[in-house]
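For the sequence shown, the working numbering assigns the number 100 to the initial residue and increments by one for each residue that follows.
Heads up, the beta-carbon is just placed ideally off N, CA and C, and yes, glycines get one too.
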Amino acid sequence: MDSHVSLASFTCRDTLIMILRKLGARDLARASCVCKLWRDMASDDAIVRPAFMEPWKLKEIVGEPVSGSFWRENGIWKFAISHKIAREDSLTSLAKKYSVQVRDIKLLNNMTSDNGIYSMERLLIPIINPNSLINGICYIELDTYAKREVLVLYPGGQPDKKLM
Numbered sequence: 100m101d102s103h104v105s106l107a108s109f110t111c112r113d114t115l116i117m118i119l120r121k122l123g124a125r126d127l128a129r130a131s132c133v134c135k136l137w138r139d140m141a142s143d144d145a146i147v148r149p150a151f152m153e154p155w156k157l158k159e160i161v162g163e164p165v166s167g168s169f170w171r172e173n174g175i176w177k178f179a180i181s182h183k184i185a186r187e188d189s190l191t192s193l194a195k196k197y198s199v200q201v202r203d204i205k206l207l208n209n210m211t212s213d214n215g216i217y218s219m220e221r222l223l224i225p226i227i228n229p230n231s232l233i234n235g236i237c238y239i240e241l242d243t244y245a246k247r248e249v250l251v252l253y254p255g256g257q258p259d260k261k262l263m
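Here it is, written out as structure tokens:
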């Protein structure tokens, strides 16, 4: 009898929330186009954040995005590793170290030449291997050089306070 009472207390809203929690980020974006109620529910942080994290098996995302549309696209291109610039670093050595292309580092950091590296305290390095995100903690940052919101993974696990 107790289970019958609890089932009866479910509302349509509860059922919709249970369904929305099973959807991925792209499907949540589609569901938000149905009506205002669905948009409000599908845009709730308690729904979109776990849907965004699940494919990458992230442990946590710290911070809030400036734009609500941030959660709608869930590509690997949204993630980057923060690399603190050292005197011996060059774009070529960093590209080799992280197995990425020099042009991808330059594009992500909004660089036009190789010489700009030493005027920065850090570079964002694109993540190409999704396995590096497993159980990771990413920080939502509005990067001044990249001029976009990026999910940043710090090798030490948390941001360097000197760079913030």
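With which residues is I177 paired in a DSSP beta bridge?
The sequence shown places Lys at residue 177, not Ile. K177 is not bridged by DSSP to any residue.
Cβ neighbours of G123 in the same chain (closer than 8 Å, five flanking residues each side left out):
Excluding five sequence positions before and after G123, the CB atoms of its chain that fall closer than 8 Å to its own CB belong to A150, E153, P154, N173, given in chain order.
Between the stretch 224-244 and the stretch 180-198, do at least 3 Cβ pairs fall closer than 8 Å?
With contact defined as three or more Cβ pairs closer than 8 Å, the stretch 224-244 and the stretch 180-198 are in contact.
Could you say if the stretch 120-134 and the stretch 153-171 meet the contact criterion of at least three C-beta pairs nearer than 8 Å?
Taking 8 Å as the limit for Cβ pairs, the verdict is that the stretch 153-171 does touch the stretch 120-134.
Cα-Cα separation between S131 and S142, rounded to whole angstroms
Distance between the alpha carbons of S131 and S142 is about 7 Å.
Quick one: does A124 have its CB under 8 Å from some CB of chain B?
Going by chain labels, chain B is absent from the structure shown, which holds only one protein chain.
Would E159 and I236 be called neighbours here (beta carbons separated by less than 8 Å)?
Yes, Cβ-Cβ distance for E159 and I236 is below 8 Å.
What does the Cβ neighbour count give for M210, buried or exposed, with the cut at 16 atoms within 10 Å?
Taking all protein chains shown into account, M210 has 16 or more neighbouring C-beta atoms within 10 Å of its C-beta and is therefore buried.
Report the partner residues of K134 according to the DSSP bridge assignment.
The sequence given here has Cys at residue 134, not Lys. DSSP lists no bridge partner for C134.
Spatial distance of I116 from V147 (CA atoms)
Between I116 and V147, the C-alpha separation is close to 11 Å.
R247, enclosing alpha helix (DSSP H) - first and last residue:
Counting along the chain, R247 falls outside any alpha helix (DSSP H), though it belongs to the beta strand (DSSP E) covering 247-252.
Identified DSSP bridge partners for D242:
In the DSSP assignment, D242 is bridged to R247.
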